[in-house]
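Quick notes on the structure that follows.
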Amino acid sequence: MIRLKVNGASRQFDGDPDMPLLWYLRDLLDLTGTKFSCGMGLCGACTVHVEGKAARACVTPMKSVSGKSVVTIEGLSKDGTHPLQLAWKQCAVAQCGYCQPGQIMQAAALLREKPKPTDAEIDSAMQGNICRCGTYQRIRQAIKMAAGVKA
Amino acid sequence: MMREQNVRMVSRRGFLETMFSAGAMVLGVQILPEEAQGAVSWQPSVYLGFEPSGTVVIVAHRSEMGTGIRTALPMVLADELEADWKQVRIEQAIGDAKYGSQNTDGSCSIRDFYVAMRDAGASARLMLERAAAAKWNVPASECKAQSHQVVHAKSGQKAGFGELVALAAKQSVPAKSELVYKTPAEFRYVGKDVPVVDLDGLVTGSAVFGYDAKAPGMLYASIERSPVFGGQLKSYDDSETKKVKGVVATATIDPFKPPHGFQALGGVAVLAENSWAAMQGRKKLKVNWEPGPNASWESGALKQALLEAARKPQKVVRNVGNVEAEFARAAKTFEAEYYVPMLAHAAMEPPAAVAEFKNGKVTAWAPTQNPQAVQDAVSAALGIPKSDVICHVTLLGGGFGRKSKPDYVVEAALLSKQVGRPVKVIWSREEDIKFDYFHTVSAMYFKAATDAKGRPTAWLHRSVFPTIGSTFVAGATDAQDFELGMGLVDLPFDIPNHRAENGGVKNPVRIGWMRAVANIYHAFGIHSFVDELAHAAGRDRVEYLLDVIGSPRKIDLAAQGVKYWNNGQPLEKYPVDTGRLRRVIELAAEKSGWANKKSGQGRGWGIAAHRSFLTYVCAVVEVEVDAAGRVRIPRVDVAVDAGTIVHPDRVRAQFEGAAVFGASLALMGEITGAKGEVQQSNFHNYPVARIHEAPRMTHVHVVPSSELPAGVGEPGVPPIAPAIANAIFAATGKRIRELPVKRHKLA
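Chain order of the listed sequences is A and B.
Just so you know, we're using the working numbering here: the first sequence kicks off at 1 and counts up by one.
Just so you know, we're using the working numbering here: the second sequence kicks off at 152 and counts up by one.
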């Protein structure tokens, strides 16, 4: 039995301990904001926070999150008012939007470590997150807006 | 548990009927605009409903894959109706021919439905005004709709849309000749950056994409398909698969019958209680394939065949003057070959669909660009009437043309019929890349003769590529008119001797249209070659390009004997206008500061301009090539003339995104095949641009225009690759004649 916290709620899982966290969140908990895209940790669409740090849920087996706290896009804020979510809306970042929960979760982890990131730090932190629509310049803009640094 | 949005989607089928029974007014405006009276096979139909409360319900019948169309078209209707956007609810249409074409492909949603939306809005507005006039016993001409109410200024009477719904419903639908349209100055929403309707859901994770759809009791299916296109299943052993916890069943899907069209590819499916179990079970499958004749497919050999074909005379598709005579006479001639490989769409959301077969009918939930194609394909595969296929459209996690082919929905429907439960088919990234409907490979040969100033006096463009037509006619090699019309036969240059030729070669894979389609390779060839000529002439690229294009004029392609597709639009309405092309070049040059840029020593600027999807686009790209040969793109300036635009910010976003899409294919995109199999599988070997590789800042400059609306989703892509290659040449002196750039040593 694996016990963990998801968005603050205690959960128990007695399935395949090798099942990636991604499928547990999506298929079993119906938290579909965390997206599947590559399954190899190459694109960042499934980014969540494990113990406050960004993790790729598609390559994070359930056994590795035993006793840990997981936060998904649904738990990032109560009502979509995390500064990044507000900035994302203001900058109209999303096109199709599929990668954006992962982008926002990655950016949130970045701002926790570096509240005033430089351009280089943003590029470094965000280069694991692919956006096929090509919204990168607005992602950068929104992160800076949320961080209160000059665009 | 069915997700909330899906429940709502189910209820949408009854939307129109239930509204009638609730005493609401439903307005169905069937309009056949002038555009439809040619050979064009679309008939727009707009549905607009009012709830008794006065809430306006607008049906979005086109698919949302990131362009903002689910917002933009309803904006047009709401504006013309004088509705208050806050009192508008958007409902996504199911697939139904009554809406006209729902094929969200070809950058035509605004172009084809702008007028229909205005007509629907203006009709309903007039009916509301007439209803108010009757109620107050005043002339209708004195009643005016204003922000969700009708006002009679003389008497000061006002009535909300809700109050008038029942009365308005009794009015007859006005004739088009009675409609009075708002002037642009009166627009409330058109031309304004209205936040897209899905904005909240997109940042909180609640937006429902196809991959997120669920139905009660559904199984998840992962499908093993032949690694060689057209391979046949010999046998399979699922004994180990069935031992995987959560696996419920295996099932086979019959192989397609040529032509493959939108059929399921065929294969062995593993059905399980969750995605992971389905994937694990599939890993344990032992499958024997008879690979068939395509096992010898090699993209390297195909490339040579294409290049060789391009060196020989091919079918003439446009001919002006006499290029051969001019080549023989000219003092100087130039030749060059260009090559663009196969590409995969790689939308972030791989294909997925939920389908339930029950009582002889199929209900599907799918991220599809074309729900009516879903109806057709599922109907054909299951042998049921089209009307018994109900296709709900979810949000699409990117489409780029891939999701206009509904093979994955067919798979879900076939499996549901076999197992008697709803089935969600999930494609992995590997399957998405290996079994794509690929953007076709192409080879091009160019030859030009030039005069003393280096200006071309003769131009030959030979383009050889396997055609998308082979998806619909087995073995087809002749290019489709739309492929030829994407840059090959519509070159807008003022050259007295001009010839375009086309040849075809078979390629045993599924070929499909991808964002900008044939414009991608044609623009790459044309603008690389014109850059080579400009360099040989020692002339400024902008000045040279404008000279080659020549004076502002409308090119009469019909007079040259060219059967020109023109996106299905008559040339009288959407001419090939060199004046508009010149203007975007001048604008991009001005905004990029072209005149003051000095290329060289690892830094360079390149330019390309292309008309596609009836829109004129010029890109100026700045590149930096470092000592290690790495290419960075600090800045792109894109000038756009797309005619009338509805949502300026979403237009800018499309061109920002197109610059990234174009950079991906130019710098790193390549699909290859060996021993019959596609060699790429995921983002490590089919990379797309990441944040540090994409253009750092793309500035979009939109030409203010009241011309007819054209396209914006695709035309931003074609100029990017040649502008990048030209900038690399300007920076390094190295000419890129084959994409992707990563194949070349630039250090």
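Ideal Cβ positions, reconstructed from N, Cα and C, are used throughout, including at glycine.
Remember, predicted model here, so these are calculated numbers, not experimental data.
Within a 10 Å sphere around the beta-carbon of B/Glu562 sit 16 or more other beta-carbons, which makes this residue buried. Residue state for B/Gln711 is assigned as helix, using DSSP reduced to three classes. Ranked by Cα distance from B/Val791, the options B/Val851, B/Phe616, B/Val474 are led by B/Val851.
Contact between the segment 564 to 579 of chain B and the segment 609 to 627 of chain B is absent: fewer than 3 CB-CB pairs across the two stretches fall below 8 Å.
Within chain A, not a single residue places a beta-carbon under 8 Å from that of B/His852; the smallest gap is close to 15 Å. Going by DSSP, B/Thr849 is part of the beta strand (DSSP E) stretching over 848 to 853. Annotation: B/Asp527 to B/Ala564 spans about 12 Å, alpha carbon to alpha carbon.
Here B/Phe413 has Ala524, Asp527, Ala528, Lys556, Pro557, Asp558, Val561 as same chain residues with Cβ atoms under 8 Å from its own Cβ, once five neighbours each way along the sequence are excluded. Using a Cβ-Cβ cut-off of 9 Å, B/Asp263 is close to nothing in chain A; its nearest Cβ partner there is about 21 Å away. Non-local beta-carbon contacts of A/Leu22 in its own chain, meaning distances under 7 Å to residues more than five positions away in sequence, involve Thr34, Phe36, Cys46, Ala57, Cys58 in chain order. The DSSP assignment places 294 to 297, 300 to 303, 308 to 311 as complete runs of the beta strand (DSSP E) inside the segment 274 to 311 of chain B, in order along the chain (cut-off: 3 residues). Assignment of B/Gln520 by DSSP, reduced to helix, strand and coil, places it in the coil class.
CA-to-CA, the gap between A/Gly134 and B/Val811 works out to about 5 Å. If you look at B/Ile241, you'll find it in the beta strand (DSSP E) that goes 239 to 243. Not a single C-beta of chain A is nearer than 8 Å to the C-beta of B/Thr545. DSSP places A/Gln106 in the uninterrupted alpha helix (DSSP H) bounded by 100 to 113.
At a Cβ-Cβ threshold of 8 Å, B/Ala284 and B/Gln300 do not count as neighbours. Counted as a single uninterrupted DSSP element, the alpha helix (DSSP H) harbouring B/Ser743 occupies residues 729 to 743. Here DSSP, grouped into helix, strand and coil, assigns B/Gln431 to helix.
With the rule of 3 Cβ pairs closer than 8 Å, the segment 101 to 114 of chain A does not count as touching the segment 802 to 821 of chain B. If you look at B/Gly755, you'll find it isn't in any alpha helix (DSSP H); it sits in the beta strand (DSSP E) that goes 754 to 763.
Buried is the label assigned to B/Arg762, since at least 16 other Cβ atoms lie within 10 Å of its Cβ. Residues of the segment 478 to 502 of chain B that bring their beta carbon within less than 9 Å of a beta carbon in chain A comprise His496, Ala497, Ala498, Met499, Glu500, Pro501, in sequence order.
Three or more Cβ pairs drawn from the segment 483 to 500 of chain B and the segment 596 to 605 of chain B lie within less than 8 Å of each other, which places the two stretches in contact.
Within chain A, the residues placing a beta-carbon under 7 Å from that of B/Glu807 are Gly134, Gln137, ordered along the chain. If you draw a straight line from the Cα of B/Gly472 to the Cα of B/Ile646, it comes to about 9 Å. Secondary structure note for B/Phe680: its alpha helix (DSSP H) is the uninterrupted segment 670 to 688. Apart from the 5 residues on each side of it in sequence, B/Asn445 sits with its Cβ closer than 7 Å to the Cβ of Val379, Phe380, Gly381, Pro659, Gly827 in its chain, given in chain order. The beta carbons of B/Gly417 and B/Phe407 sit about 6 Å from each other, so the pair counts as a contact at 8 Å. In the pairwise beta carbon analysis, the segment 76 to 95 of chain A is classified as touching the segment 106 to 114 of chain A: at least three pairs are separated by under 8 Å.
When beta bridges are read from the DSSP output, B/Glu889 appears opposite B/Tyr490. At a cut-off of 8 Å between beta carbons, A/Met145 makes no contact with chain B.
B/Arg894 and B/Ile887 have their alpha carbons spaced roughly 9 Å apart. B/Lys286 and B/Lys295 have their alpha carbons spaced roughly 14 Å apart. Chain-order list of chain A residues neighbouring B/Ala845: Gly134, Tyr136, by C-beta distance under 7 Å. Nearest to B/Pro846 by alpha-carbon distance, out of A/Gly148, A/Met145, A/Gly52, A/Arg140, is A/Arg140.
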